[in-house]
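>
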Amino acid sequence: MSFDRIAPHYRWLETIAFGTKLQIARVAFLEQIASPNRALVVGEGDGRFLRELLRKYPDLEVDCVDASARMLELARDRTASNKARVRFLHEDVLTWSPGENTYDLVVTHFFLDCFTGIEIEKVVASLARAATRDAVWLLADFSMPATLFANWHARAWLWSMHCFFRTVAGISARRLTNPSSFLEEHGFRSVNQRYSQFGLVKSELWQRSGFP
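Heads up, the sequence shown is in our numbering, so the first residue is 39 and it goes up one at a time.
As structure tokens, this is what we get:
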């Protein structure tokens with residue numbers, strides 16, 4: 039999986055489809071977390087969230103991991119004024135091994151939806167091992183609403199997006215898998231949620247307390 043082909047066009051495609059809703063979802067809970075020391079941001083994309091994270095927490099150090107070299111270049115350019123505080127790592131998260139008990143903030147925005155359920159379970163387990171016992175996990179992603187109209191709306195959007203990104207980026211997901219149970223297995227509990235776009239877009243704040 040690589041977003042290299044689509045990286046230069048990703049922002050305007052996102053804007054056409056969702057306006058500013060995805061970026062609003064990414065930053066939804068930045069004001070509600072205690073000042074982290076070290077963050078792991080996975081699948082960051084073009085750096086718009088990373089820029090806001092660094093602005094909000096001026097002492098934070100970040101490891102930014104992405105399988106797309108082009109996306110990493112865009113993120114590096116967008117956060118150039120804070121380059122000393124960020125390590126950009128060109129890695130496939132399915133095979134990359136982060137250090138254990140290292141990060142008190144983990145961020146996966148519009149990333150886990152690219153994978154199958156089995157792959158999500160593996161990714162969450164790996165990132166959870168890298169998280170501290172009291173880490174925060176910020177997650178923005180798509181969701182499947184329960185109400186009839188919203189469910190139809192979400193199914194149509196998700197089918198279209200999965201088809202498109204399988205073609206242009208080689209993602210493995212063919213349907214949406216909710217990662218909540220995997221986070222709960224590793225000691226995280228949901229603290230807050232927000233929804234937009236008829237429930238299609240969600241933001242979640244997860245907190246770990248003294249795990250294991």
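Even for Gly, the Cβ is constructed at its ideal location relative to N, Cα and C.
Should residue 217 go down as buried or exposed, given a rule of 16 or more other Cβ atoms within 10 Å for buried?
buried
> Of all the beta strand (DSSP E) runs that stay within the bounds of the region 77 to 139, which reach a length of 3 or more residues?
99 to 104 and 124 to 128
> Can you say whether residue 240 is buried or exposed, counting buried as having 16 or more other CB atoms within 10 angstroms of its CB?
buried
> Cα separation between residue 179 and residue 164?
19 Å
> Using DSSP bridges, identify the partner residues of residue 244.
175 and 228
> May I ask which residues mark the beginning and end of the alpha helix (DSSP H) holding residue 65?
The continuous stretches of alpha helix (DSSP H) do not include residue 65, and DSSP gives it neither H nor E.
> Using a Cβ-Cβ cut-off of 6 Å (strictly less than) and excluding sequence neighbours within five positions of residue 171, which residues of its own chain qualify?
Excluding sequence neighbours, residue 171 sits near 248 and 249.
> With distances taken Cα to Cα, identify the nearest neighbour of residue 123 among 129, 115, 92 and 151.
92
> According to DSSP, is residue 205 helix, strand or coil?
helix
> Skipping 5 residues on each side, what residues in its chain have a beta carbon closer than 7 Å to that of residue 107?
42 and 128
> Looking at residue 97 and residue 81, is the spacing between their C-beta atoms short of 8 Å?
no
> In whole angstroms, what is the alpha-carbon distance linking residue 111 and residue 84?
8 Å
> Taking C-beta to C-beta, are residue 195 and residue 238 nearer than 8 Å?
yes
> Let's see if you can read the secondary structure: which residues bound the alpha helix (DSSP H) around residue 53?
48 to 56
> Cα separation between residue 234 and residue 187?
14 Å
> Taking 8 Å as the limit between beta carbons, can you name the residues of its chain near residue 18, skipping five residues before and five after?
Nothing can be reported for residue 18, as the shown portion of the chain is limited to 39 through 250.
> Just grab the DSSP bridge partners of residue 234 for me.
239
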